[in-house]
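Take any residue in the sequence shown, note its place counting from 1, add 1, and you have its number in our numbering. Every residue gets a Cβ at the ideal spot worked out from N, C-alpha and C, and that includes glycine. Inspection log for the structure reproduced underneath, given as structure tokens.
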Amino acid sequence: MKKITSALIGLAISLLASAQTTVKVHDTAEDQPVIAKEIYGQFAEHLGRCIYGGIWVGPDSEIPNIDGYRKDLVEALQVLKVPVLRWPGGCFADEYHWRDGIGPKEDRPMMINSNWGGTVEDNSFGTHEFFNLCELIGTEPYLSGNVGSGTVEELAKWVEYITAKGGTMAQLREKNGRKEPWHLKYLGVGNESWGCGGSMTPEFYSDLYRRYATYCRNFDGNTLYKVASGASDYDYNWTKVLMSKIGQQMHGISLHYYTVKGWTGSKGSATVFDTDSYYDILAKSVEVDEVITKHETIMDVYDPEKKIDLLLDEWGTWFDVEPGTNPGHLYQQNTMRDAMVAALSLNIFHNHAERLKMANIAQIVNVLQSMILTKDDQIVLTPTYHVFRMYNVHQDATYIPLTYKAEEFLSPSGRPMPQLSVTASRNADGRINVSIVNPMLDKEQTITLDFEEYKPENVKGEILKSKNINDYNDFGKAPAVAPAQFDGFKAKKDQIAVTVPAASIINLTL
Ligand code: AHR
């Protein structure tokens, strides 16, 4: 109680304080990392209405589609620029048998999706449907292999089926309508192998990884990038054991971090929340910074040259399902609070660009913190979608270090929370993008961006902000949250003064 009271007093004091921050932009700093575009990755799981209804309606559907994929979704994703798409799970992956999802649809067996509501899965969306989708939206596939309930032979043959030019697997693929192999880079060897992926110890999993990885071959010029199934948020021992026992036999190790109130009891509503819960969720989301840093510190011990990448291949908010929907389908709405979580998280990911080479938000459509929601033939772009679209300018851009002092306060549950977050990068055509997040609900902030050496020119701004922090975009209604042009800045000599409204996300391009 004492902690909460002092946190609230701290917050009140900070709200009264004047908010003027100078941000020094070290644009000429050398040897800066590239912000891997894969940090803007997505995740598609056979869960609820993510695949069926969200992505895939089938070619005979009355919903406008391109060879079975929703046309509205494909178009929205093309605008978003999705660099990488992870599939088929999640927990689903370790019960998925790929041979059930190839060949004539009528011959594909049914299965029970026991992780997600016991829904019957007809396997009509399988390997061909996934890889063709990746080609359609111009994204890199990331396959999550079944280690928990599959076999080494099964995973090895899946890789061969997808990537080999000759042999029986290639013949089978051709018989099923695809002569040329697909390109496959990212291969996940299991998912959450400590939990739904087999309840293993890190020692046992490490040995299993080495065995599976041995037989997943590079065929005909296709080179695999193998990802070991990593830790859940605070499980540092898992990372330690995998680093020591697998080491350079993995290209990357994954990590999962969800912004969730707690794993037992109510996770809170996605749309109905008070100020305390707003700051608590944001503070939990920025704790990912410390979690990533701790995993990186362990990795540095075993791999000081940073040859092994860290991949945050599941992250995002996790609330109670929308009332009246299947509890196993994890369908949640998405408000301006989710947009704040997305922007604050992406700013943090940029700071870890040296080691963090991928992040996949869960999930792309109709589950958890989605980009898109669908209902029959209607589609809604969520506030999180808008952040990802505004921020896609940072994909593969060079990180620009900044120095500034963001005041901190304790959220009601006692987690530290910055009052301001800024990130910057320079892209291939020389443009600088500065993204600013003001999470404070009642405080406009003035930021001076100090470029030290040159005069910024041709500055253009875009802002995401809504009337109420729990506003969301809903079916059949005008969007309540949408980006708009932003003119609240003044460039003078080598500085730009920006007036950042309360609870807003801004991107400046110059
Ligand atoms: O995203 C939902 C689930 O969360 C995934 O299937 C699993 O990997 C994680 O526990």
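Considering Cα atoms alone, identify which of the options is closest to residue i.
{"i": "F1", "options": "D221, V148 and G329", "result": "Past the edges of the chain, shown from 2 to 511, lies residue 1, and the structure says nothing about it."}
{"i": "G534", "options": "G199, N223, A165 and T215", "result": "The displayed coordinates of the chain run from 2 to 511. Any statement about residue 534 would go beyond what the structure contains."}
{"i": "L188", "options": "F350, E96, T224 and D475", "result": "T224"}
{"i": "F320", "options": "K262, L78, D472 and D95", "result": "K262"}
{"i": "L374", "options": "I433, Y405, T294 and F476", "result": "F476"}
{"i": "V388", "options": "S505, Q379 and K358", "result": "S505"}
{"i": "F452", "options": "E46, V423 and I497", "result": "I497"}
{"i": "L450", "options": "F487, K268, Q420 and K493", "result": "K493"}
{"i": "V435", "options": "V190, L442, G415 and Q396", "result": "Q396"}
{"i": "M201", "options": "W239, H257 and E155", "result": "W239"}
{"i": "N192", "options": "Y162, W88 and F274", "result": "W88"}
{"i": "M359", "options": "T272, S255, I365 and D275", "result": "S255"}
{"i": "E288", "options": "G269, L156, Y258 and K268", "result": "Y258"}
Between residue i and the rest of its own chain, which residues show a CB-CB distance below 8 Å, the 5 nearest in sequence each way excluded?
{"i": "N212", "result": "Contrary to the premise, residue 212 reads as Arg rather than Asn in this sequence. Hits under 8 Å: V153."}
{"i": "P502", "result": "N439, E445, I464, K466 and G489"}
{"i": "R71", "result": "G55, I56, W57, V58, I64, P65, T375 and I380"}
{"i": "G119", "result": "I113 and G329"}
{"i": "I433", "result": "V26, D28, I401, A425, S426, R427, P457, T510 and L511"}
{"i": "A398", "result": "V35, I36, S426, R427, N428, A429 and N434"}
{"i": "S245", "result": "Y303"}
{"i": "G42", "result": "V83, P84, V85, L86, R87, Y143, D314, M359, A360, N361 and I362"}
{"i": "G11", "result": "Its pLDDT being 42, under 50, G11 is placed unreliably by the model, and nothing is read from it."}
{"i": "G178", "result": "H129"}
In or out: residue i buried (at least 16 other Cβ within 10 Å) or exposed?
{"i": "S194", "result": "buried"}
{"i": "Y455", "result": "exposed"}
{"i": "A483", "result": "exposed"}
{"i": "P84", "result": "buried"}
{"i": "V302", "result": "exposed"}
{"i": "P440", "result": "buried"}
{"i": "R218", "result": "exposed"}
{"i": "G266", "result": "exposed"}
{"i": "P324", "result": "exposed"}
{"i": "A214", "result": "buried"}
{"i": "Q79", "result": "exposed"}
{"i": "N1", "result": "Nothing about residue 1 can be reported from this structure: the residues present for the chain run from 2 to 511 only."}
{"i": "P384", "result": "buried"}
With a CB to CB cut of under 7 Å and the five nearest residues on each side skipped, what residues in its chain are close to residue i?
{"i": "K106", "result": "S125"}
{"i": "L331", "result": "L48, G49, V322, V368 and L369"}
{"i": "Y280", "result": "S412, P413 and M418"}
{"i": "F487", "result": "G462, E463, I464 and I507"}
{"i": "A165", "result": "A171, P182, F220 and D221"}
With a CB to CB cut of under 6 Å and the five nearest residues on each side skipped, what residues in its chain are close to residue i?
{"i": "K318", "result": "For the sequence presented, residue 318 should be read as Thr rather than Lys. The residues are T260, D339, V342 and Q370."}
{"i": "G253", "result": "V228, D310 and L312"}
{"i": "A18", "result": "Because the pLDDT at A18 is just 45, under 50, the model does not fix this residue reliably, and the value given afterwards should be weighed accordingly. Contacts found: none."}
{"i": "A284", "result": "S412, R416 and M418"}
{"i": "I52", "result": "F126"}
{"i": "D290", "result": "I349"}
{"i": "M2", "result": "Here M2 scores only 33 on pLDDT, less than 50, and its place in the model is too uncertain to base an answer on."}
Taking only beta-carbon atoms, is residue i less than 9 Å away from chain D?
{"i": "E76", "result": "Absent from the structure is chain D; it holds one protein chain and no more."}
What is the rounded straight-line gap between the Cα of residue i and the Cα of residue j?
{"i": "K308", "j": "V242", "result": "17 Å"}
{"i": "S150", "j": "Y226", "result": "22 Å"}
{"i": "K468", "j": "N335", "result": "15 Å"}
{"i": "Q21", "j": "V394", "result": "26 Å"}
{"i": "K158", "j": "M170", "result": "7 Å"}
{"i": "F132", "j": "D472", "result": "35 Å"}
{"i": "E63", "j": "D123", "result": "20 Å"}
{"i": "N116", "j": "F93", "result": "7 Å"}
{"i": "L9", "j": "P110", "result": "Note that L9 scores a pLDDT of 41, beneath 50, so its modelled location is shaky; the value from the coordinates is reported in the next line. Their Cα atoms are separated by approximately 56 Å."}
{"i": "E46", "j": "T23", "result": "43 Å"}
{"i": "E175", "j": "W183", "result": "12 Å"}
{"i": "I299", "j": "M251", "result": "15 Å"}
{"i": "D377", "j": "L357", "result": "37 Å"}
{"i": "A479", "j": "M337", "result": "15 Å"}
{"i": "E181", "j": "I163", "result": "9 Å"}
{"i": "I138", "j": "I67", "result": "11 Å"}
{"i": "G248", "j": "T326", "result": "43 Å"}
{"i": "Y210", "j": "G196", "result": "15 Å"}
{"i": "D495", "j": "I470", "result": "34 Å"}
{"i": "T500", "j": "D101", "result": "56 Å"}
{"i": "E161", "j": "I437", "result": "45 Å"}
Quiz item: Where are the alpha helix (DSSP H) runs, 4 residues long or more, that stay fully inside the segment 245–314, in chain order?
Solution: Unbroken alpha helix (DSSP H) stretches of 4 residues or longer found wholly inside the segment 245–314: 276–287 and 289–303, given in chain order.
Practice problem: At 3 residues or longer, and completely inside the segment 203–250: list those beta strand (DSSP E) runs for me, N to C. | Solution: Counting only runs of 3 or more, we get 226–233.
Self-check item: Secondary structure, alpha helix (DSSP H): runs of 4+ residues fully inside the segment 103–153
Solution: Within the segment 103–153, the complete alpha helix (DSSP H) runs of at least 4 residues fall at 128–138.
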